[in-house]
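Colleague: Let me give you the structure first, and then I'll get to my questions.
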Amino acid sequence: MTANSPKSPWPSPLAGYENAPPLPDEKAEDGKSYVNPQTGVLSDAYKQFPEPLDRGIRGAFDVHIYYLQNNPEQTKYAHELWERIRREFPELRIYRVWDRPIGPHPVAMFEVNLHSPAQFGAFIPWLAVWRGPLSALVHPNTTGEGDPRRRAELDHTERAIWMGERFPLDLTVFRRE
958 MTANSPKSPW PSPLAGYENA PPLPDEKAED GKSYVNPQTG VLSDAYKQFP EPLDRGIRGA
1018 FDVHIYYLQN NPEQTKYAHE LWERIRREFP ELRIYRVWDR PIGPHPVAMF EVNLHSPAQF
1078 GAFIPWLAVW RGPLSALVHP NTTGEGDPRR RAELDHTERA IWMGERFPLD LTVFRRE
């Protein structure tokens, strides 16, 4: 199926580049990557999240940091990590530590919201190093037309990024009347 097929649920990522010249086949100094045409302008995605990511008070991304509540080592580490995040990233919105499953989340967790590409670019690599034995679900918050519950389900599944062990979410919370 081609990117522009009417059966594809995804818009083509090449929209706006239909008449661009062909890309060069020239390789960079490393001999593996390609030389890309330079425009002299950085993508707007460096400055703000693209639509349909939520640019409002909710934030464009939620980071749910999971721990096994019956595991004393993980519980201790989660509380210490929560404190460290609050101290090192005071500009981020950080919620309470839940000691049990809540919503679609199958184990204990706490949540951090990211509102800008700069916050995402700083926090996610930091978390990759400091999350220790814990897992993290990073999901977007999208806006737009259609059923918000279906959008939230897609944000937590198809659009999600996992760090560490992937946990099965309770998706019934998105399907309740």
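Using the numbering used here, read the sequence shown as starting at 958 and increasing by one per residue.
Backbone N, C-alpha and C fix where the C-beta goes; we use that ideal spot for every residue, glycine too.
Quick one: grab the DSSP three-state call for residue 962.
Modeller: Position 5 of the sequence shown, counting from 1, holds the residue named residue 962. Low local confidence applies: a pLDDT of 40 at residue 962 is under 50, so the model's placement there is unreliable, with the coordinate-based value given in what follows. The answer is coil: DSSP assigns residue 962 none of H, G, I, E or B.
Colleague: With a threshold of 16 other CB atoms inside 10 Å of the CB of residue 1098, please say whether the residue is buried or exposed.
Modeller: In the sequence shown, residue 1098 corresponds to position 141, counting from 1. Buried: at least 16 other Cβ atoms inside 10 Å.
Colleague: Is the beta carbon of residue 1124 closer than 8 angstroms to that of residue 1063?
Modeller: Here residue 1063 refers to the residue found at position 106 when the sequence shown is read from its first residue. Here residue 1124 refers to the residue found at position 167 when the sequence shown is read from its first residue. The answer is yes: Cβ separation under 8 angstroms.
Colleague: Given a threshold of 16 other Cβ atoms within 10 Å of its Cβ, counted over all protein chains shown, does residue 970 qualify as buried or as exposed?
Modeller: Here residue 970 corresponds to residue number 13 of the sequence shown, with the count starting at 1. Classification of residue 970: exposed, given that the 10 Å Cβ count is below 16.
Colleague: Assuming contact is defined by CB atoms lying nearer than 8 angstroms, are residue 938 and residue 1077 in contact in what I supplied?
Modeller: Nothing can be reported for residue 938, as the shown portion of the chain is limited to 958 through 1134.
Colleague: Whose C-beta lies closer than 7 angstroms to the C-beta of residue 1085 among residues of the same chain, with five residues either side of it excluded?
Modeller: In the sequence shown, counting from the first residue as 1, residue 1085 sits at position 128. Excluding residues within five positions, the ones whose Cβ falls inside 7 angstroms are 1120.
Colleague: Relative to the alpha-carbon of residue 993, which residue among 1001, 1107, 984 has its alpha-carbon at the smallest distance?
Modeller: Along the sequence shown, one-based indexing puts residue 993 at 36. Out of 1001, 1107, 984, 984 has the C-alpha closest to the C-alpha of residue 993.
Colleague: Mind checking whether residue 1127 and residue 1061 have CB atoms under 8 angstroms apart?
Modeller: To locate residue 1127, count along the sequence shown from 1; it is residue 170. To locate residue 1061, count along the sequence shown from 1; it is residue 104. Yes, Cβ-Cβ distance for residue 1127 and residue 1061 is below 8 angstroms.
Colleague: Distance, Cα to Cα, residue 961 vs residue 973?
Modeller: Translated into positions along the sequence shown, residue 961 becomes position 4. Translated into positions along the sequence shown, residue 973 becomes position 16. Because residue 961 sits at a pLDDT of 43, beneath the cut-off of 50, its placement in the model cannot be relied upon, and the point is left open.
Colleague: Hey, how far is the Cα of residue 1034 from the Cα of residue 1089?
Modeller: In the sequence shown, counting from the first residue as 1, residue 1034 sits at position 77. In the sequence shown, counting from the first residue as 1, residue 1089 sits at position 132. Roughly 8 angstroms between the two C-alpha positions.
Colleague: Just to confirm, is the Cβ distance from residue 1071 to residue 1018 under 8 angstroms?
Modeller: Counting from 1 along the sequence shown, the entry for residue 1071 is found at position 114. Counting from 1 along the sequence shown, the entry for residue 1018 is found at position 61. Result yes, Cβ atoms of residue 1071 and residue 1018 sit closer than 8 angstroms.
Colleague: Taking just the CA atoms, how far does residue 986 sit from residue 1014?
Modeller: Translated into the one-based positions of the sequence shown, residue 1014 becomes position 57. Translated into the one-based positions of the sequence shown, residue 986 becomes position 29. Rounded to the nearest angstrom, the two C-alpha atoms are 43 angstroms apart.
Colleague: From this set, 1020, 1036, 1027, 1026, which residue's C-alpha is nearest residue 1050's C-alpha?
Modeller: On the sequence shown, residue 1050 is found 93 positions in, with the first residue counted as 1. If we check each option's Cα against that of residue 1050, 1020 comes out closest.
Colleague: To the nearest whole angstrom, what separates the beta carbons of residue 995 and residue 1091, a pair I think is in contact under 8 angstroms?
Modeller: Within the sequence shown, numbered from 1, the residue matching residue 995 stands at position 38. Within the sequence shown, numbered from 1, the residue matching residue 1091 stands at position 134. In fact, because the Cβ distance is near 40 angstroms, the residues do not count as touching under 8 angstroms.
Colleague: For residue 1099, name the three-state secondary structure that DSSP assigns.
Modeller: The count along the sequence shown starts at 1 and reaches residue 1099 at position 142. In the structure shown, residue 1099 sits in a strand (DSSP, three-state: E or B).
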